[in-house]
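Chains as they are written, first to last, in the UniProt record's numbering: chain A, 1 to 99; chain B, 1 to 1005; chain C, 1 to 215.
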Amino acid sequence: MFHIYCPHCCEYREEEEFHAAGQSHIARPLDPDACTDKEWGEFMYFRANPRGIHHELWVHAAGCRKYFNVTRDTQTYEINEVYKVGEQPTVVANAIQSK
Amino acid sequence: MTQKNRLQDGGRIDRSKALTFTYNGKKYTGFEGDTLASALLANGVDIIGRSFKYSRPRGIVAAGAEEPNAIMQVGATEATQIPNVRATQQSLYGGLVAGSTNGWPSVDNDMMGLVGKVGGKMMPPGFYYKTFMYPKSMWETYESFIRKAAGLGRAPKENDPDIYDKMNQHCDVIIVGAGPAGLAAALTAARAGARVIIADEQNEFGGSLLSSTELLDGKPAAEWVADVVKELSTYDDVLMLPNSQVNGYHDHNFLTIQQHCTDQFADRAPNGQVAQRYHRVRAKWVVLATGAHERPLVYGNNDVPGCMVANAVSTYINRYGVVPGKNLVLMTSNNNAYRTALDWHDAGRNVVAIVDSRKNPQGTFVDAARERGISIMVGSGVIEAHGSKRVTGVSIAPLNDAGDAVVGPIIKMAADTVASSGGWSPVIHLSCHTGSRPVWNDDILGFVPGTTYQKQLTAGAINGSFTTEQALAEGVSAAADALTHLGMTKKDVVLPKAETIEEGKAMALFHIPHTKPTSKAPKQFVDYQNDVTASGIELACREGFESIEHVKRYTAMGFGTDQGKLGNINGMAIAAKMLNQTIPQTGTTIFRPNYTPVTFGAIAGRDCGALFDPERYTAMHAWHVERGAKFEDVGQWKRPWYYPQGNETMQQALDRECLATRKSVGILDASTLGKIDIQGKDAREFLGRVYTNAWAKLPVGKCRYGLMCGEDGMVFDDGVTSCLAENHFLMTTTSGGAARVLSWLEIYHQTEWPELEVFFTSVTDHWSTMTISGPNSRKLLEKLTDYDVSKENMAFMDWKPMTVAGVPARVFRISFTGELSFEINVQANYGMHVWKALFEHGEEFNLTPYGTETMHILRAEKGFIIAGQDTDGSVHPFDLGMSWAVSMQKPFSFIGKRGMQREDCVRENRKQLVGLKTIDPKAVLPEGAQGVLDPKAPIPMPMVGHVTSSYWSANLNRSVAMGFVKGGLDKMGERVFYPLADGRVIEAEICSPVFLDPKGERQNV
Amino acid sequence: MSDVTVAESKLVTKQLPEADIVGESPLHHADLASVSQHGPKEGGVYFHERKLQGLLTLRCVPSAEQLSQIESLLGAALPMEPLTSVTTDAVSIRWISPDEWLIIVAGEQAFDLETRFYESMTGHYSLVNISGGTTIFDVSGSQVVNMLKKSTPVDLHPREFPVGKVVSTVFAKSGVTICRLEDDKYELVVRRSFADYLWLWIQDASREYGLVVKA
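As structure tokens, then:
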């Protein structure tokens, strides 16, 4: 049971108020029709599964209903930061770890 | 009934309050303040169960949560049965009924005992593992045998009448354990004004202080405990939870506590009161002051009743006034356990000998024993206990310096009790629950908590700080650390002065050698509950298991409800020795929640019965109930399924509802449809992106059907959206899909297209929606409105604002039945009024209420799909033959467009939705039936698709069905066969799914 | 004022009938009036359905101009701080999200408010009448916090949840918006279709403290 800081409500709430919505920063291609099947398949189905730092999209489903990003360590379950949609994370895995 | 082992005075029991209880069918008496275990020992009950695998008689060995044997079935009635209750943790109350979990037909005369004697050979370690590797049929043979023999407790067969509930708690500091460290921490935190929760598994706070003869400030320690408890109870922000086991420590300082509220005092909770409460705690800081469990030593026949952990014996004497025997042999590797011999001696019973593995023990307690003239045999060990149902004597032998070989002659001595101590193991279970690995501490010969990512502090014996003085000091400093982190100011806490005790050096000893090799020696138990022996662990190592996690699984050590509380360290030490490693090299298995078994009642809480899941009702629900509707669950909604009259069967009711609707007029409560208000100048653009069809030109006052797809191009919802004003739309969704669709719109708006000016608001509950459908629906509506609802003024797919039965309404001329239909929407507080008004005027038209089943039949006659029934996430609009609902020309690449153009989506021979006309018109295909093109093909036959919707149509006097067939849209008129489980093969012709009124003349009038 | 305003941008319709037709709140079937008459008068938890109110959802990312328009329309400034609220005799405003507020007025005033918004508000916003889909439970009493602690994971300690704070959260297996009105009085805004379930839940959770229904 995570304790998650909602960057819109500006306080910690219980995990049961939130839903996870997959990996963050997966932008929909601006011109889907121009994508090859491979490119489209990567957008649709391929996701990172890191041991360590991971950026996830969550929604405060029972609260303000806003989506936001969570940087979370998949090994310790520590939440390193939360940040709004459109913003970039400040905590990132170093290149070696992410490989 | 005499309590032959009860002392005349002393202990924290109230001898003026005798309590009668029943154990294994026999009545006994104990006192208020007893646990079930102390009362049984007071009454001289030696055997409290039979062992799991070997069916050996077992007695009580411990006094707390670590008790492995005294696992009871408690409950006076069938409905109040609770399995897996530790007798050591169950407070005694008058009328308590308990029984042994293991033992068939009885613990004293166990038929399995015979099997046990030979069973050792039959069920070696790895039994389960090896059995599973053999044919499954063999396992089934063994299983019934084992289950019957083992008797792992049983659930009640009747509903538990008691209330179990849950409560969410928040605090600055939670303190787990109310011994000296926990109480000192709580006092420190409370005085600083922190929000504190302190929980302890025992019925009273005080922990070890309640069962020792220690003095604080020269007074009995219990007096200090009472003072602290009194002070804590004066703080509003301190929640004290006795009888409460902290069972789980989860991520981000979330802890779960099972509080025994009334089940410690009565078989059933007094009316309205809560039997058990499950606290879900979010703590800013956690202080673990969980103490330590004393380790027994592993020696031959160490499971004979009368073999106990040393400190448990002291607890029974000091806290409960029970001396569980007459003649004690104490075996120890440390000074601390000498206290047990002193307590025994001071209670006026005979200490046969203290057997100390060390050559030259020295210190406060050793001196005290010598002063009392107690015989101390140094450099020796009890290599074997004698007796079967109770210890009758021991064999004692000199040991070498390492303690791993017998080096001299055996001396036999008579005794009825063997207390042993191999030192103390910190209770690190909770700290391990979050994944933290414990670390070995050589000074205390035990594991202590390792690094953690939780906001966790520890104090007292959990750190290996075993003296009361250390515990008190660490309690204060842990709380002070928490306060600093919380930005709070510590106030003064003056600690009482504990006695100074000189402890000598303990010896690292776990397994007492025997004159025979371990494999041939009498059984030396490591894990009593799972019947794991020293030779079993050695066998596992010999068979090649090198990882302690594998040894655990091979032998079952620390399995189940036991979680290795007493046995784990001894087991690891034995494995380490076999593997020529140190204990830290061998490592430890990890402890997982729950610490002790939790009742299902506590886990379920109030989420049972009528409160199990929300039932959502429409504004007309009471009418449906009164009308005798049968209900169908649609998501959490209760929707009328059909309305039987008199003795009608379901099919008769459906036939009547279907015929009445097509003949005159029927009415459906459609309030559960999801409704989303969409406003903003980009609303139209947004609709064009999320629906597959075009929205740019939908005029105000018009409605349009739309399909919604995922990015993969697969249909996931559908519905009608109406243009209320140029920048204002009302979207409808399926009843089950409402929340999902709203989230879908929001995630795209918030993450992909925040630049679009549009807002979405759910209005599902705001509008009551009732659909009148059938040739007379217009006539009926005209009775209730002055508005011109003629075809000329209100065409098909128009919506109009009007007043219906005096209530402002929005009426949509849309149809899911293919009939002339009006969907009347009114503010839900007036839904019932309008619904009833329709019936007041509906009699002359035989207005017939119909439910979801008739709705399904009527739409199936028309070939209309239901998203989720005729789609399953793997079909795109073209598969459904709904290319008319897709506009590939829209400038924006709408959601699903790219997906439905993938190679797999445009290939030949995809499964496509078609009508299925059975050759025998009376035959109704079962939904889900798989079609084949050649019913004579060898099995497995190539399957071409399944039936998605199938009904008996009273209007057509034949069955109607839809289903998927590979390449079906090009196979019109061809045959497909449905072999059924009962041997029938139903033959059907592939046809258009529109069985009725293909030109749409009925709805367009 | 016309009953129906179908205009270029958005539709505003009157939704209430003439006064002789009485609305049925979501707990109408529970007949709370007679429960309050015949039930207990003392207890740890008090329950009252504040029914047939005018409730509206305002969605907006307000510009300075819109803020002042809204303030003059509502007679109170929009609470912009997360989780805050404004309560006056005439109107209650609850922060729901950075671009969403719940507005509570007397039942018959919802249409009037919608109309006035339509007439004078500029820019992008939406104001949606949700009166029929929503009701309000007022719960109070010396044990009300314990009842709530069985129902919602939100921290209700006065230090964390002062009077005036508002949160949307999980409540049993449904969701509600909770506003603390007084020290021991809370407003629960609930969805119509879940009202019966929540009423059952509250009765159950209040049982050990004694539940008093107030008409």
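Every residue, glycine too, gets a C-beta built ideally from N, C-alpha and C.
Chain C within 8 Å of I96/A, Cβ atoms only: Reliability of the predicted coordinates at I96/A is poor, the pLDDT of 46 falling under 50, and the value obtained from them is presented with this limitation in mind. For I96/A, the answer is no, since every Cβ of chain C falls outside 8 Å of its Cβ.
Straight-line gap, C538/B to L445/B (C-alpha atoms, nearest Å): Per the sequence presented here, residue 538/B reads as Glu, with Cys not at that position. Between E538/B and L445/B, the C-alpha separation is close to 21 Å.
Distance CB(P993/B)-CB(L933/B) smaller than 8 Å: no
Continuous beta strand (DSSP E) stretch holding N825/B: start and end: 821 to 827
Beta-bridge partners of W799/B, as assigned by DSSP: F812/B
Where the beta strand (DSSP E) containing P398/B begins and where it ends: 393 to 398
Where the beta strand (DSSP E) through C64/A begins and ends: Run containing C64/A: none; DSSP gives neither H nor E here.
Under the three-state DSSP convention, the category G818/B falls into: coil
Alpha-carbon spacing of G403/B relative to K577/B, whole angstroms: 12 Å
Residue range of the alpha helix (DSSP H) that includes P584/B: 583 to 586
Spatial distance of A93/A from H55/A (CA atoms): 10 Å
Listed by chain order, chain B residues near Y85/A by CB distance under 9 Å: Looking at the sequence provided, one finds Val at residue 85/A rather than Tyr. Residues of chain B passing the Cβ test: Q750, T751, P754.
Of the residues T468/B, A809/B, T803/B, the one placed nearest E214/B, counting alpha carbons only: T468/B
Burial state of H293/B, where buried means 16 or more other Cβ atoms lie within 10 Å: buried
Nearest candidate by alpha-carbon position, reference G710/B, set H876/B, P593/B, M572/B: H876/B
For E78/B and K4/B, believed in contact at Cβ under 8 Å, the rounded distance: 33 Å between Cβ atoms; not a contact.
Short CB-CB distance (under 8 Å) between I747/B and chain A: yes
Where H3/A meets chain C, residues with beta-carbon distance less than 8 Å: Under the 8 Å cutoff, chain C gives no residues; its nearest Cβ is about 10 Å from H3/A.
Residues bridged to Y278/B (per DSSP): K166/B, Q258/B
For G381/B, three-class secondary structure by DSSP: strand
Stretch-stretch touch, CB-based, cutoff 8 Å, three pairs: the segment 753 to 773 of chain B with the segment 651 to 659 of chain B: no
DSSP bridge partner residues for Q69/C (one or two, in chain order): Answer is none; Q69/C lacks a bridge partner.
Closer than 8 Å at the beta carbon, the chain A residues around V170/C: E14, E16, E17, A62
Any C-beta of chain C under 8 Å from that of F839/B: no
Sequence-distant residues of the same chain with beta carbon closer than 6 Å to I71/B, five excluded per side: N84, T101
Beta strand (DSSP E) runs contained entirely in the segment 434 to 493 of chain B, provided each spans 3 or more residues: 439 to 441, 446 to 448, 456 to 458
Sequence-distant residues of the same chain with beta carbon closer than 6 Å to P17/C, five excluded per side: none
Contact between the segment 832 to 841 of chain B and the segment 958 to 968 of chain B (3+ Cβ pairs under 8 Å): no
G706/B and N693/B closer than 8 Å at C-beta: yes
Assigned secondary structure, R606/B (DSSP; H/G/I helix, E/B strand, else coil): coil
Three-way DSSP call (helix, strand, coil) for S762/B in this model: strand
7 Å Cβ shell around R51/A - same chain, five flanking residues per side excluded: T74, Q75
DSSP three-state assignment for S168/C, whether helix, strand or coil: strand
Contact list for T76/A against chain B, beta-carbon separation under 8 Å: G435, Y453
Cβ-based neighbour list, V351/B, same chain, cut-off 6 Å, excluding 5 preceding and 5 following: L328, A341, W344, H345, I374
Residue environment, E66/B, which counts as buried when at least 16 other CB atoms sit within 10 Å: buried
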